[in-house]
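The structure appears below as structure tokens.
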Amino acid sequence: MFNIFKRKKTEQQPEDLAWLYADMHGHFIPGIDDGPKELEQSLKLLESMVAFGYKKLVTTPHINADFFPNTPEIIAGALASLQHAVAERGIDIEISAAAEYMIDFGFMDLLDAPAPLLTLGNTNHVLVEMGYMQEVPMLDNALFRVQAKGYVPVLAHPERYVFYHDAPLSLFENLKEKGCLLQLNVIALAGYYGKEVLHAAERLLNAGLYDYCGSDVHHERHIKALTMLLNSKNYPKIKHGNFLNASL
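The numbers in numbering that gives the first Met the number 0 rise by one with no breaks, and the one at position 163 of the sequence shown is 162.
Written out as structure tokens, the structure is:
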């Protein structure tokens, strides 16, 4: 009789993000932007990413004319040092580098220059961002010129831009029609950035407008947010999303 009223066992919670295969937005190189400051911090973050099931990481240091004036040469040298340390530690993950370009006048100068831009993995996709409070007036021009240079722009974390929170979905559909892909900061769905960003992310996800899913990990707090995501109501939604990560 007791067994009749026994509670059913709950389903096992999801344990990892291995189905994504690759993370295409994160800050793992120490000392060159607002990510980890020391090598040991970087290695601990990378060990956590392996524990989540990632097999490949494209680390994306900021390139921002005002705050982080990184160059491909700076990034390549720092990446090589990190890769050496990863091999010595025996961390089983493939790591390459692209960049997260701030759309500013410095970026417009890069679009005029003959040097190539840093791209995500094996693609011709270029990660770009804006400041969170105000849309940059040169956005459309920048997206056009990125494509004219032979690349596909990927707009990082559109859910975080305050000026987009009340925007109709048609605005994002228009961006995609102009050839711009959209990248979700996945910890937004764990509520890490607050309710407004959470709701914006849910709206775009439910509309099927995201193309990439990135962690945007900078530090240990973001790792904890990824753990929270695995137990959130939004986890099944992203697991059934049609993301391009595995193509990197």
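Cβ coordinates follow ideal geometry from the N, Cα and C atoms, glycine included.
Computed from a predicted structure; not experimentally measured.
Cβ-based burial, residue i [other Cβ within 10 Å; buried from 16]
i, result
"residue 26", "buried"
"residue 58", "buried"
"residue 244", "buried"
"residue 182", "buried"
"residue 263", "This structure gives no information on residue 263, because the portion of the chain shown stretches from 0 to 247."
"residue 22", "buried"
"residue 220", "exposed"
"residue 101", "buried"
"residue 99", "buried"
"residue 113", "exposed"
"residue 215", "buried"
"residue 96", "buried"
"residue 170", "exposed"
"residue 32", "buried"
"residue 79", "exposed"
Integer Cβ distance of residue i from residue j, believed to fall under 8 Å
i, j, result
"residue 16", "residue 41", "Their Cβ separation, rounded to whole angstroms, is 19 Å, which puts residue 16 and residue 41 out of contact at 8 Å."
"residue 204", "residue 236", "6 Å"
Which residues DSSP lists as bridging residue i, in chain order
i, result
"residue 326", "The chain is shown from 0 up to 247; residue 326 falls before or after that span and cannot be answered."
"residue 61", "99"
"residue 56", "22, 94"
"residue 128", "101"
"residue 154", "127, 181"
"residue 211", "182"
"residue 255", "Absent from the model: residue 255. The displayed extent of the chain is 0 to 247, so no value can be given."
"residue 67", "63"
Spatial distance of residue i from residue j (CA atoms)
i, j, result
"residue 187", "residue 209", "13 Å"
"residue 177", "residue 90", "40 Å"
"residue 167", "residue 84", "46 Å"
"residue 12", "residue 230", "Caution is warranted here: a pLDDT of 46 is assigned to residue 12, below 50, making its placement in the model unreliable, and the coordinate value is therefore given only provisionally. Cα-Cα distance, rounded: 7 Å."
"residue 38", "residue 29", "6 Å"
"residue 238", "residue 136", "35 Å"
"residue 200", "residue 218", "21 Å"
"residue 115", "residue 24", "19 Å"
"residue 134", "residue 162", "7 Å"
"residue 129", "residue 86", "34 Å"
"residue 74", "residue 125", "15 Å"
"residue 4", "residue 35", "Because residue 4 carries a pLDDT of 41, less than 50, the predicted location of this residue cannot be relied on, and no value is offered for it."
"residue 249", "residue 192", "Outside the shown range of the chain, which is 0 to 247, sits residue 249, and nothing can be said about it."
"residue 9", "residue 233", "Annotation note: pLDDT 45 at residue 9 (below 50); position unreliable, no value reported."
"residue 77", "residue 45", "15 Å"
"residue 48", "residue 185", "14 Å"
"residue 180", "residue 150", "11 Å"
"residue 67", "residue 60", "9 Å"
"residue 6", "residue 71", "With a pLDDT of only 41 at residue 6, under 50, the local geometry of the prediction cannot be trusted, and the value read off the model is given with reservation. Using only the alpha carbons, I get a separation of about 58 Å."
"residue 65", "residue 160", "19 Å"
"residue 228", "residue 110", "37 Å"
"residue 92", "residue 242", "20 Å"
"residue 247", "residue 202", "26 Å"
Best match in the options for proximity to residue i [C-alpha to C-alpha]
i, options, result
"residue 224", "189, 79, 240", "189"
"residue 63", "44, 104, 75", "104"
"residue 148", "194, 93, 118", "118"
"residue 69", "48, 106, 92", "106"
"residue 120", "153, 138, 111", "153"
"residue 94", "53, 131, 184, 171", "53"
"residue 195", "173, 157, 174", "157"
"residue 174", "202, 33, 122, 143", "143"
"residue 172", "206, 236, 112", "206"
"residue 18", "43, 55, 31, 33", "55"
"residue 131", "146, 164, 123, 140", "164"
"residue 140", "108, 240, 155", "108"
"residue 123", "110, 146, 138", "146"
Residue-chain proximity (residue i, chain C), Cβ-Cβ < 9 Å
i, result
"residue 161", "The question asks about chain C, but that chain is absent: this structure has only one protein chain."
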